[in-house]
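>
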Amino acid sequence: MHSWLIPALGIFTEMQSGNRLPHALLVTAAAGLGGTDLAMEMARRFLCSGDRAEGCSCHSCSMFRVGGHPDLTLISGSQSGTIGIDEIRQGISAMEKTATNDHGKALMIPEADKMTEAAANALLKTLEEPPPESLIILTTGNQRNLLPTILSRTMKIPVPVPGMQELQAFVKEKTGRDQDFRAEIFLSGHSPLKAAEYAENGTGAKVRQALEQLNGVLAGSCSVPDLADFLLSELESRDLICSFFYGILRDALMLETGSRHEDLVFLGAYPDLAARVSELDPDSVLQGIKRLNDLKMVKSNQFSFVRSLQIASWIELLTGKN
-13 MHSWLIPALG
-3 IFTEMQSGNR
7 LPHALLVTAA
17 AGLGGTDLAM
27 EMARRFLCSG
37 DRAEGCSCHS
47 CSMFRVGGHP
57 DLTLISGSQS
67 GTIGIDEIRQ
77 GISAMEKTAT
87 NDHGKALMIP
97 EADKMTEAAA
107 NALLKTLEEP
117 PPESLIILTT
127 GNQRNLLPTI
137 LSRTMKIPVP
147 VPGMQELQAF
157 VKEKTGRDQD
167 FRAEIFLSGH
177 SPLKAAEYAE
187 NGTGAKVRQA
197 LEQLNGVLAG
207 SCSVPDLADF
217 LLSELESRDL
227 ICSFFYGILR
237 DALMLETGSR
247 HEDLVFLGAY
257 PDLAARVSEL
267 DPDSVLQGIK
277 RLNDLKMVKS
287 NQFSFVRSLQ
297 IASWIELLTG
307 KN
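Numbered per my numbering, the sequence shown spans residues -13 to 308.
(1) Can you grab the Cα-Cα spacing for the pair P257 / L278, in whole Å?
(2) Roughly how many whole angstroms lie between the Cα atoms of E73 and I275?
(3) In this structure, how does DSSP classify S79 when only helix, strand and coil are distinguished?
(4) Buried or exposed for K180, please, with buried defined as at least 16 other CB atoms from any protein chain shown within 10 angstroms of its CB.
(5) Looking only at C-alpha atoms, which of E152, C42, P8, E170 sits nearest to A92?
(6) Secondary structure at I69, three-state DSSP: helix, strand or coil?
(7) Take S264 and list the residues in its own chain whose beta-carbon comes closer than 8 Å to its own, dropping the five residues that flank it on each side.
(8) Going by other Cβ atoms of all chains shown within 10 Å of its Cβ, with 16 needed for buried, is V52 buried or exposed?
(9) What does a CB cutoff of less than 7 Å around E27 pick up in its chain, not counting 5 residues either side in sequence?
(10) Under DSSP, the alpha helix (DSSP H) around K334 begins and ends at which residues?
(11) Find the nearest neighbour of E183 within the set S209, L153, G206, judged by alpha-carbon distance.
(12) Should L235 be listed as close to the ligand PLP, given that the test is whether its C-beta is under 7 Å from any heavy atom?
(13) Taking just the CA atoms, how far does E220 sit from N187?
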């Protein structure tokens, strides 16, 4: 169990130990925090016929670990990316059957915000009159897309985003490398699992290469088109390219306020680049933010036609290298 999930699991454990578990829980966790893993552990402990410990080897936990527990129903979405009423009805029907292990029935709905309105309304009826000895666990990274009536009938267990120190420690342990991973953490939106992926698949290394090329642009040893081509060929994803620019803009604004280098996400490890960025025209930085927002608004199917021109234009605006 990841360290940042333990406090949320502790809330569940305390309620279970005191026989105060509600009939429905909503795990709120941003993407990449492992909300589904937490929900699965909650379901295992609910169905456990032993001591509920992590290493419990009771019959229920043994079945659970091989992925075939008959008293757990896991709902997955359709090919359209939504969770429809048929999936919800099948899950509810499974919950209404007699438990095989005499420890209740569990229904899990990952990414519950993808439920259609009809599916949510079907679930709502069960939330109002749940079967006995049952537990429904929903997870979401976007609770605003859930019906207010669903929210009001579930107990929320939030998973907070880990702090930078904890994130750094996790990625270092995951990769076995003792280095600064602030770039990967920022690119991932502070998602520990995504940050570790970026560290392992080389995305972070490519960003560092791009930063060195940006330093070259500002120093006059690298051209704007070369940097634009590198970003397009190596980062590829529009979101990653935009995050790269947002990180630089963030650091530029931080430098304006007199922040320390250790507070910067990209430029802290590049003092020469940080010094050059700190000398950029503040109006250029603000215009860079506006152009970057415009870039993010371009439709995906049009992005390939305009991105090279816009990225080069953005770099020229920011650096003054026309």
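Beta carbons are placed, not taken as given, at the ideal position from N, Cα and C, and that holds for glycine.
Working from what's here:
(1) Along the sequence shown, one-based indexing puts residue 257 at 271. Along the sequence shown, one-based indexing puts residue 278 at 292. Cα-Cα distance, rounded: 24 Å.
(2) The residue given as residue 73 occupies position 87 in the sequence shown. The residue given as residue 275 occupies position 289 in the sequence shown. One C-alpha to the other measures close to 43 Å.
(3) Here residue 79 refers to the residue found at position 93 when the sequence shown is read from its first residue. Correct three-state label for S79: helix.
(4) Counted from its first residue, the sequence shown places residue 180 at position 194. So K180 ends up on the buried side.
(5) Start at 1 with the first residue of the sequence shown, and residue 92 comes out as number 106. Selected option, being the one with the closest Cα: P8.
(6) Looking up residue 69 in the sequence shown gives position 83. Of the three classes helix, strand and coil, the one that applies to I69 here is strand, per DSSP.
(7) Mapped onto the sequence shown, residue 264 falls at position 278. The answer, listed in chain order, is A238, L241, E242.
(8) Reading the sequence shown from its first residue, position 66 is the one you call residue 52. Classification of V52: exposed, given that the 10 Å Cβ count is below 16.
(9) If you number the sequence shown from 1, residue 27 lands on position 41. If we look at E27 and ignore the five residues flanking it on each side, its Cβ neighbours are M(-13), L(-5).
(10) For the chain, the structure presents residues -13 to 308; residue 334 sits outside this window and is missing.
(11) Taking the sequence shown and counting its residues from 1, the one referred to as residue 183 is at position 197. The shortest C-alpha separation from E183 is found at L153.
(12) The ligand PLP is absent from the structure shown, which contains no ligands of any kind.
(13) Taking the sequence shown and counting its residues from 1, the one referred to as residue 187 is at position 201. Taking the sequence shown and counting its residues from 1, the one referred to as residue 220 is at position 234. Distance between the alpha carbons of N187 and E220 is about 12 Å.
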